[in-house]
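Undergrad: Chains as they are written, first to last, in the numbering used here: chain A, 10 to 315; chain B, 10 to 315; chain C, -9 to 249; chain D, -9 to 249. Glycine included, each C-beta is placed from N, C-alpha and C at the ideal position. Quick one: this structure, given as structure tokens, is what I'll be asking you about.
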Amino acid sequence: MNTQINFAGIKMKNPVTVASGTFGYGREYSEIFDLSKLGAVITKGTSYKPKMGNKNPRVCETTAGMLNAIGLENPGVDYFIENDLPFLKKFDTAIIVNAFGGTGGTIQDYVNVCEVLNKLDIDGVELNLSCPNVKAGCLAYGTTYEGVKEITTAVRKVLTSKPLIIKLTPNITDITIPAKAAEDAGADAISLINTLTAMKIDINTRKPILANNTGGLSGPAIKPVAVRMVYQASKAVKIPVMGLGGIMNGDDAIEFMLAGASCISIGAGNFVDPLCSIKTIEGIENYMKKYNIEDINEIIGGVQMN
Amino acid sequence: MNTQINFAGIKMKNPVTVASGTFGYGREYSEIFDLSKLGAVITKGTSYKPKMGNKNPRVCETTAGMLNAIGLENPGVDYFIENDLPFLKKFDTAIIVNAFGGTGGTIQDYVNVCEVLNKLDIDGVELNLSCPNVKAGCLAYGTTYEGVKEITTAVRKVLTSKPLIIKLTPNITDITIPAKAAEDAGADAISLINTLTAMKIDINTRKPILANNTGGLSGPAIKPVAVRMVYQASKAVKIPVMGLGGIMNGDDAIEFMLAGASCISIGAGNFVDPLCSIKTIEGIENYMKKYNIEDINEIIGGVQMN
Amino acid sequence: MPTKLVQAELVKKQKLITNIFKFSIFSKELVSCAKPGQFLEIRVSNDLVPFLRRPISIHSIDKENNIIEFIFQVKGKGTEILSSKQIGDNIDILGPLGNGTFDLKDYKNVAVIGGGIGVFPLYELVKSSPKDVETNTYLGFRNKELVTLENEFKEASSYFILTTDDGSYGENGFAIDYLKKDIEKKNIEAIYACGPMPMLKAVKKLSEETKIPAYLSLEKLMGCGVGACLGCNVMNVKKGSYDKVCKDGPVFLAEDVEI
Amino acid sequence: MPTKLVQAELVKKQKLITNIFKFSIFSKELVSCAKPGQFLEIRVSNDLVPFLRRPISIHSIDKENNIIEFIFQVKGKGTEILSSKQIGDNIDILGPLGNGTFDLKDYKNVAVIGGGIGVFPLYELVKSSPKDVETNTYLGFRNKELVTLENEFKEASSYFILTTDDGSYGENGFAIDYLKKDIEKKNIEAIYACGPMPMLKAVKKLSEETKIPAYLSLEKLMGCGVGACLGCNVMNVKKGSYDKVCKDGPVFLAEDVEI
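As structure tokens, this is what we get:
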């Protein structure tokens, strides 16, 4: 039984990764399980310089999901190189660094961090064009064909030796547009969905619960939206797709892979059950056994439309 | 204590309505409670000629929500006039007819049904530009400024004697764009959100559960997205907003009203608890008592941003 | 036949076989108007997961004691929660639902055919049939372990056949084949069926060939259960438009519907 | 201090007052490394609603019997489900969490101040303090009905004051005012506080004025509880950047944090 996949040149022992922003740089969860079991670790969004992030409260629970508005707080790429990369290299798992343009959010800011990342001993870069909780960058590019193409082209020029994954926003009329733009600009893969912009109001204080007012909705609540978008995006492009959005177990992972995802990420599921990713790997294997699937690659995009 | 509202000229005894497509033409639920208790009944989407709708399965459950892809099946406006309108007139509640362009879905089709509705003894018309489950019409107009403006303008010309509400889709990058288009074209109000396009795959059969493959996601799962959009839309326009999306009780209703909704609709909540709308009215009254609110109109748009 | 929303007490709970539970509910309101073939929409908890009500067919109606019974299989989270209810708990029930019922009309000699968990909704029809009506019952199960209600149906029926697909109990084979063999010599005037889709299709075919009317209980994913959402459509080939399984059914004349 | 994910047995359950429950959990793993001031992230059920774990502070640690205790108030759906657990049930616990703990260091004369449900996390500190440490405890409650753990704290403390806001029990007024009066004459070297935000702010101010270090247990909405999601940030004014309440706290030196 083969669970290995080659995702845009990134070799993973299984299709299960952990989503950026839900797993830090791996240190915390390494106390609970062996990170070498994962297909890949995707780091917290990292910028050229450190970034502070939003005020508290930054998270709250919703029905079958949660909101977050962290604001991409991170210690900067130099800190990552010195502290987190050596730590992560101790594990036998692919390392994908999620990168973005920092406080400035200009194309040059995106280019700056990717120039650094290009030289590191990492397996790939995921470009964040989809965080709904920062003032500059991300959605400013992520919601138009031109925006995605321009920034992907610029990053591609400096990120010559690593696979480039573009992370897409679901806050869009037509998900195939940024998907195609990423492909046209030379990206190696796309990942989706990031969170849906949302708000929760405390009816007693009459204020939004999050200090940032709005936040990104994730969790099982939005899984059906994510499955739909993964299907549409994977049909629109030839590059492979990483699927995420509310995956809590192996069955959910299989649903995303049938829809067209070559690999998947566990996001908020890590918070609910720190072993969610490990159990998802087991769940995928159980499904393969049940249906006598020799190679997990067989099921990618295997949905039969009615 | 006053719970009456005047919604774009439609007088309602309270701000609680029932969402189009979840309440038929009122007949079924009238066996369970007195429709005269409602602020308004919004009918099933109705077209000039009868429409067949999609194949079965049309609905399925998701985590804290459901998908539907009915496909706007309806008996046509003549049947409504003969059978359902006289029935609904027996109750002391506002009648809002949800209208759309039928199988053809052209602007002329929308105009045709609204021409008929203009002459009826009803309180308002809600124009459906947002159903994700039909081949023609709706989203073809609903996702661009030009589309919403063109069709609203055309309908407005024939719908001269009734308040016109434009129902908006959440499957859009920027909800303020169709909101403004509706206002600019002379609509009296907007209602949002319709459902989010979504998909659920049966991993055993490897097929989407719905015959239409995709459907619209509704229920508490997507409430935070709806609250965010109601807030954004209500800030962008001067015309009043009807809020809906996952409302299950009075607290949810208050949250939408604080966000900027002048009235609200119960949708999938009717299926879960046929008395959901009635309990929501009670819940609103309880909140008013708790906070000594004399007039429900006071809280509309009362959220204080951080 | 007005629809009622009740909180009705669970007065008896039996586990028939693995994963299959029989609930007895005390409710004057439901019993007063319930008919064979109708169903109930049950909210298993006040939580938001699972979200929708569960449609479950009525198994029997005891007008004397105001007891209505239903039998269900634990298939997922919803039915699992339902199965954990204790005697004395109130169950949130919307019903009785459906205008298409198992109706004996004036038939004097009928066949009743059920398969698997589809046998439960047929019981009240057989039980409540007048003495001058011959009820010929054919029940099919996959194997011995899945057999339920044998004694109840045997006692209530004029004639009774039980089959298993693998021959591990009763007659060997499919119930439909035994019905086919008997249908002419027994002068069957109507067939009442509930069971898996292959059985219903076979019954529909038999009805077409023999011109004997067949009444099929259909099952669809449902939204509201009352006819408001149009989620559970089935094509009515006579009308050329969709019927609602919840409101126009759940029992349909086989020749009317496309299955 | 590795984080552990355990399924640990509820061995004792007590209702202290309305809506407040004390759970005693048997877990060698948790007890072996737990410290005063740390917390546990508890998954109340395998359902998806409520979604996130509930952070609840450790109340006491019994190393001899491998019992760890926590006390919680039923505030919503999550704590309601938790309160319905029965003795013998396994509880899904991630912990013990937090590197910022209630640490006595070398202080010999300390004040402990708690308010309302904030008194629970302070107990282990007082209970486990060496005999040569003077623990001066000040507990405040809104009224008599909400008083909890009076005897436990009284017994474990060298000096004990209990106040109610309305004077319905103990001393009349706020605990902080009694601490203020005593702070100089008692030569307090450090303050340990847990309670509502106004109390913590008052303690911080007192600490600034007196230069006596104060350790505050903070509470924030949390995502992961382990430091991965950065949801529970608090401004560390010394560093000029955010700390994580879950990982760097939950106990902080008052002068370090902006509250």
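1) If we count Cβ pairs, one from each stretch, closer than 8 Å, do we get three or more for the segment 222 to 232 of chain B versus the segment 197 to 209 of chain B?
2) The alpha helix (DSSP H) with B/ASN121 in it runs from where to where?
3) Using the C-alpha atoms, what's the distance from C/PRO(-8) back to B/GLU40?
4) Just confirm the distance between the C-beta atoms of C/MET187 and C/ILE103, as a whole number of angstroms; I'd bet it's less than 8 Å.
5) Would you mind reading off the limits of the beta strand (DSSP E) that contains C/GLN(-3)?
6) Comparing alpha-carbon positions, which option in D/SER118, D/GLY157, D/LEU115 lies nearest D/GLY130?
7) Is there at least one Cβ from chain C nearer than 7 Å to D/VAL39's Cβ?
8) Could you check the C-alpha separation between C/LYS210 and B/THR55 for me, to the nearest Å?
9) Using only the alpha-carbon positions, how far apart do C/LYS176 and C/ALA165 sit?
10) Using DSSP with H/G/I as helix, E/B as strand and the rest coil, what is B/GLN13?
11) Taking C/LEU87 as the reference, give the member of C/GLY105, C/LEU112, C/GLU31, C/LEU94 with the closest Cα.
12) By DSSP, does D/MET189 sit in helix, in strand, or in coil?
13) For the alpha helix (DSSP H) containing B/TYR155, list its first residue and its last residue.
14) Please list, in chain order, the chain B residues whose beta carbon lies closer than 7 Å to that of C/LEU211.
15) Could you tell me which whole beta strand (DSSP E) segments of length 3 or greater appear in the segment 175 to 227 of chain A?
16) Run through DSSP, which three-state label would D/LYS117 get?
17) Is it buried or exposed, D/GLY78, if we count other Cβ atoms within 10 angstroms and call 16 or more buried?
18) Nearest by alpha-carbon distance to A/MET1: which of A/ASP260, A/GLY113, A/MET257, A/VAL236 is it?
19) Where do the N-terminal and C-terminal ends of the beta strand (DSSP E) with A/ASN279 fall, by residue?
20) Can you list the alpha helix (DSSP H) stretches of 4 or more residues lying completely in the segment 140 to 178 of chain D, in chain order?
21) Determine the direct distance from the alpha carbon of B/VAL27 to that of C/LYS237, and round the result to whole angstroms.
22) Using alpha carbons as the reference points, say which of D/ARG132, D/GLU161, D/GLU(-1) lies closest to D/LYS18.
23) Against chain A, with Cβ distances strictly below 7 Å, would B/LEU267 count as a contact?
24) Mind checking which residues open and close the alpha helix (DSSP H) that includes A/ALA268?
25) Does any C-beta atom of chain B lie closer than 7 Å to the C-beta of C/THR(-7)?
26) When DSSP builds the beta bridges, which residues end up paired with A/ARG237?
27) Tell me which residues share the same chain as C/ASN223 and place their Cβ nearer than 8 Å to its Cβ, disregarding the 5 neighbours each side in the sequence.
28) Once DSSP output is grouped into helix, strand and coil, what is the label at D/LYS195?
29) Closer than 7 Å, CB to CB, is B/LEU226 near chain A or not?
30) Short check: CB of D/ILE58 to CB of D/ILE51, under 7 Å?
31) Which chain A residues are close to B/ASP260, counting only those with a beta carbon under 9 Å from its beta carbon?
32) On the three-state DSSP scale, how would you describe A/ASN306?
33) Along the segment 89 to 115 of chain C, where does the CB come closer than 8 Å to a CB of chain B? Name the residues.
34) For B/GLU135, which residues does DSSP report across the bridge?
35) Using the C-alpha atoms, what's the distance from A/LYS58 back to A/ALA198?
36) Give the DSSP bridge partners of D/ILE58, in chain order.
TA: Considering the structure as presented:
1) The segment 222 to 232 of chain B, when compared against the segment 197 to 209 of chain B, does touch it at the 8 Å Cβ threshold.
2) 116 to 126
3) Separation of B/GLU40 and C/PRO(-8) (C-alpha to C-alpha, rounded to the nearest whole angstrom) is 6 Å.
4) About 14 Å; that fails the 8 Å criterion.
5) -6 to 7
6) Looking at the Cα atoms, D/GLY157 is the closest of the given residues.
7) yes
8) Taking the straight line joining both Cα atoms gives about 24 Å.
9) 16 Å
10) coil
11) Closest option to C/LEU87, judged by alpha-carbon separation, among C/GLY105, C/LEU112, C/GLU31, C/LEU94: C/GLU31.
12) In this structure, DSSP gives D/MET189 a helical state, which the three-state scheme calls helix.
13) Rather than Tyr, the amino acid found at residue 155 of chain B in this sequence is Glu. 154 to 167 is the span of the alpha helix (DSSP H), which, as asked, contains B/GLU155.
14) PRO66, VAL68, CYS69
15) 198 to 201, 205 to 208, 223 to 227
16) helix
17) exposed
18) Because residue 1 of chain A is not part of the residues shown, which for chain A are 10 to 315, the question remains open.
19) Looking at the DSSP string, A/ASN279 is not in any beta strand (DSSP E); the run it does join, the alpha helix (DSSP H), is 278 to 281.
20) 140 to 146, 165 to 173
21) 20 Å
22) D/GLU(-1)
23) yes
24) Counting along the chain, the alpha helix (DSSP H) containing A/ALA268 begins and ends at 259 to 268.
25) yes
26) Residue pairing by DSSP places A/ARG237 opposite no residue, since no beta bridge is assigned to it.
27) LYS210, TYR232, ASP233, LYS234, VAL235
28) Reduced to three states, the DSSP call for D/LYS195 is helix.
29) Chain A contact via Cβ: present.
30) yes
31) ILE212
32) helix
33) none
34) B/GLU135 is bridged to B/ASN107, B/ILE174.
35) 26 Å
36) D/ILE15, D/ILE51
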